[in-house]
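My numbering applies: residue 19 is where the sequence shown begins, and numbers increase by one.
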Amino acid sequence: MGVYEDLGLTPIINASGSVTRLGGAPMSREVLDAMTDAASGSVPIEVLQAKASTEIASFTGTEAGLVSAGAASALTLGAAAIMTGWDRGRMESLPHADGFPNEFVVAREQRSGYDHAVRAAGARLVEVGFNEIVPGAGVRRTEPWEYEAAFGPDTVGVLYVFTPDSEPPLVEVVARAHKHNIPVLVDAAGELPPRSNLVAIPAMGADLVAFSGGKSIRGPQSTGILAGRRDLVGPAFAQLVDMDDHPSLWNPPKELVDIAKFEGGPPRQGVGRAHKVSKEEIVGLLTALKLFAAGAYDEEVAGYRRRLERIAAALSGAPVTCMIHDRDDGESFPLLDITVDEDAAGRSAFDICAALRAGSPPVYPGHGKLAQGTLVVNPLHLDDASADALARRVREELGTI
Ligand SMILES: *Cc1c(COP(=O)(O)O)cnc(C)c1O
């Protein structure tokens, strides 16, 4: 019996990977041991975050960094820092940002539910551009000049969501923004691997970058990274960590805060206080980041592929087509598409997916291609036994057992 059974819950077979909805990525033994170790002693969180800053800075080629409560948390903290700088009065008023610049310009085509995290700091989003390819209206997408045309007295930053396909290119947006001294906050939550992006994205000129700690880095699910300029990471730090110290004793780490910025005492608890990160999580994230950056997970890719081949072999003869997609960078794991012959099976892929979730054991394949009749198997959480159980459940639902 495990802890979930003790609670009367049934563990699932997670074939969706590191999604937050299903609890994130598996953590390595080294990360779990480091977290246990961290729990057995105490250090001031400010000092621990300062150490994290130095480590994150060296892994990302930036000036400073913080461990946040997820990439979404890093976006809230980053937006807050860009709006307040070192101004305690502004920190105190967030998330109400009336009376000082609070607008972030963002490409309309880069908007998503995750930008709620930026708005949660008190920022307003100002949309620019179109993606005319999607509605079939033309061949153009958002263009760099459109950002510049939208900049005005209330503009405080640019929000940019990085993907390999993002338009316009980040460097061009940075050039337009920096011409007006406007910082660029980049959401790169899911852009690892490749691990080269740890350095490459900040090197494109981003002032602050948010990475998820609970996806491919495989740190604690509720962690993220905010990395970038020290004069922005510092104010983010001041709005994240607990400020309930005595003003005559408070001595923030020099790596992040020049105490002269806060003459007369620290700011009060900030908008990020609700995003607190534990010592165990900070240590877990740093341990995982070190493993990820060193390529420690690469050796698992071959095992993942074998497991997907095993599932595909077990489904031979069933009314499905199996196709393994390798992403040949040596870092990313392959994915298996199981495309259901819905006529032969007499059932839709949606129907089968719902039945897999409801069955025993519950199986959760990726749902991103169901409209095309495809169940996607992400191998991150699978071992041989769960791979076999998954294949058996799919066969049962197809009536081929
Ligand atoms: C996953 C994701 C986030 C949120 O990351 P968390 O670490 O779960 O907070 C934000 N933006 C994008 C684009 C994402 O894919």
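Note that beta-carbon positions come from the ideal geometry of N, C-alpha and C, so glycine has one too.
Discussion item. Between the alpha carbons of aspartate 205 and valine 136, how many angstroms are there, rounded?
Written reply: Rounded to the nearest angstrom, the two C-alpha atoms are 10 angstroms apart.
Worksheet item: Cβ atoms of leucine 304 and valine 85: under 9 angstroms apart, would you say?
Response: For the pair valine 85 and leucine 304, the CB atoms are nearer than the 9 angstroms cut-off.
Discussion item. I'd like to confirm something about threonine 38: is its beta-carbon nearer than 8 angstroms to some heavy atom of ligand 1, or not?
Written reply: When distances are taken from the beta-carbon of threonine 38 to the heavy atoms of ligand 1, the shortest one is below 8 angstroms.
Worksheet item: Which of helix, strand or coil does DSSP assign to glutamate 121?
Response: Assignment of glutamate 121 by DSSP, reduced to helix, strand and coil, places it in the strand class.
Discussion item. Taking the alpha-carbon of serine 36 as reference, which of Ser184, Ser266, Asn396 and Phe368 has the nearest alpha-carbon?
Written reply: Minimum Cα distance to serine 36 is reached at Asn396.
Fill in: Minimum C-alpha distance to methionine 53 - residue among Pro186, Glu166, Thr38 and Val295
Of the listed residues, the one whose Cα sits closest to methionine 53 is Val295.
Practice prompt. Quickly, what does DSSP pair alanine 228 with across the bridge? List them, please.
Written response: In DSSP, alanine 228 forms a bridge with Asp205 and Leu244.
Worksheet item: Going by C-alpha distance, which of Thr78, Trp104 and Ala218 is nearest aspartate 276?
Response: Ranking Thr78, Trp104 and Ala218 by CA distance to the CA of aspartate 276 puts Trp104 first.
Worksheet entry | Nonlocal neighbours in the same chain, by C-beta distance under 7 angstroms from histidine 385, ignoring five residues either side | These residues qualify, in order along the chain: Cys371.
Worksheet item: For the candidate residues Leu112, Ser230 and Ala403, whose alpha-carbon lies nearest to that of alanine 299?
Response: It should be noted that the sequence gives glutamate, not alanine, for residue 299. Checking every option, the nearest Cα to that of glutamate 299 belongs to Ser230.
Practice prompt. Could you say if the stretch 240-248 and the stretch 407-415 meet the contact criterion of at least three C-beta pairs nearer than 8 angstroms?
Written response: Touching, no.
Worksheet entry | N- and C-terminal bounds of the alpha helix (DSSP H) containing arginine 137 | Looking at the DSSP string, the run of the alpha helix (DSSP H) that includes arginine 137 is 134-137.
Discussion item. Tell me whether tyrosine 178, by its Cβ, gets closer than 8 angstroms to a heavy atom of ligand 1.
Written reply: Incorrect: tyrosine 178 has no Cβ contact closer than 8 angstroms to ligand 1.
Worksheet item: With distances taken between CB atoms, is the gap from alanine 82 to serine 91 smaller than 9 angstroms?
Response: In this structure, the beta-carbon distance from alanine 82 to serine 91 does not fall below 9 angstroms.
Practice prompt. In angstroms with no decimal places, state the Cα-to-Cα distance between glutamate 166 and leucine 66.
Written response: The alpha-carbon atoms of glutamate 166 and leucine 66 are separated by roughly 39 angstroms.
Discussion item. Pop quiz: leucine 258 and histidine 293 are said to be a contact at Cβ under 8 angstroms. What is the actual Cβ separation, rounded to whole angstroms?
Written reply: About 6 angstroms separates the two Cβ atoms, so the contact holds.
Fill in: Beta carbon of threonine 160 nearer than 9 angstroms to that of proline 379
Result no, Cβ atoms of threonine 160 and proline 379 do not sit closer than 9 angstroms.
Fill in: Cβ shell of asparagine 32 (< 6 angstroms), same chain only, five flanking positions each side left out
The answer, listed in chain order, is Leu40, Tyr382 and His399.
Discussion item. Suppose contacts are defined by Cβ-Cβ distances below 9 angstroms. Is glycine 290 in contact with threonine 418 by that definition?
Written reply: It is not a contact, given that the beta carbons lie outside the stated cut-off.
Worksheet entry | Segment contact, 8 angstroms Cβ cut-off, at least three pairs: the stretch 163-181 with the stretch 192-206 | By the criterion of at least three beta-carbon pairs nearer than 8 angstroms, the stretch 163-181 is in contact with the stretch 192-206.
Practice prompt. Report whether the distance from the Cβ of glycine 223 to the nearest heavy atom of ligand 1 is below 8 angstroms.
Written response: No - ligand 1 has no heavy atom lying nearer than 8 angstroms to the Cβ of glycine 223.
Fill in: Residue environment, leucine 388, which counts as buried when at least 16 other CB atoms sit within 10 Å
Burial call: buried.
Worksheet item: Looking at the structure shown, is proline 383 part of a helix, part of a strand, or coil, going by DSSP?
Response: Of the three classes helix, strand and coil, the one that applies to proline 383 here is strand, per DSSP.
Worksheet item: The beta strand (DSSP E) with serine 86 in it runs from where to where?
Response: Run containing serine 86: 82-86, per the beta strand (DSSP E) assignment.
Worksheet item: For glutamate 121 versus arginine 108, is the C-beta spacing smaller than 9 angstroms?
Response: Cβ distance not < 9 angstroms, so glutamate 121 and arginine 108 don't count as in contact.
Worksheet item: Looking only at its own chain, which residues have a Cβ that is under 7 angstroms from the Cβ of valine 191, when we skip the five neighbours before and after it?
Response: Listed in chain order, the non-local C-beta contacts of valine 191 below 7 angstroms within the same chain comprise Pro162, Tyr165, Val176, Tyr178 and Val202, local neighbours out to five positions each way being set aside.
Worksheet entry | Closest residue to valine 146 among Arg129, Gly140 and Gln390 (Cα-Cα distance) | Closest option to valine 146, Cα to Cα, is Arg129.
Item to complete: Work out the CA separation of glutamate 64 and glycine 283 for me, nearest whole Å.
Response: So the alpha carbons of these two residues sit roughly 16 angstroms apart.
Discussion item. Do glycine 302 and methionine 45 count as a contact pair if the criterion is CB distance below 9 angstroms?
Written reply: At a Cβ-Cβ threshold of 9 angstroms, methionine 45 and glycine 302 count as neighbours.
Fill in: Contained beta strand (DSSP E) runs [length at least 3] in the stretch 332-365, N- to C-terminal order
Whole beta strand (DSSP E) segments, 3+ residues: 338-343 and 353-358.
Practice prompt. Look up isoleucine 31 in the DSSP assignment and say whether it is helix, strand or coil.
Written response: If DSSP states are grouped into helix, strand and coil, isoleucine 31 belongs with the strands.
Worksheet entry | DSSP three-state assignment for threonine 392, whether helix, strand or coil | Correct three-state label for threonine 392: strand.
Worksheet item: Tell me, which residues are paired with tyrosine 178 by DSSP?
Response: DSSP links tyrosine 178 through a beta bridge to Val204.
Item to complete: Assign valine 174 to one of two classes, buried (16 or more other C-beta atoms within 10 Å of its C-beta) or exposed (fewer than that).
Response: Buried, by the Cβ-count rule.
Worksheet item: If you run the structure through DSSP and keep just helix, strand and coil, what is valine 146?
Response: In this structure, valine 146 counts as strand in the three-state DSSP scheme.
Worksheet item: If you draw a straight line from the alpha carbon of aspartate 55 to that of phenylalanine 351, how long is it in whole angstroms?
Response: In a straight line, the C-alpha of aspartate 55 is about 30 angstroms away from that of phenylalanine 351.
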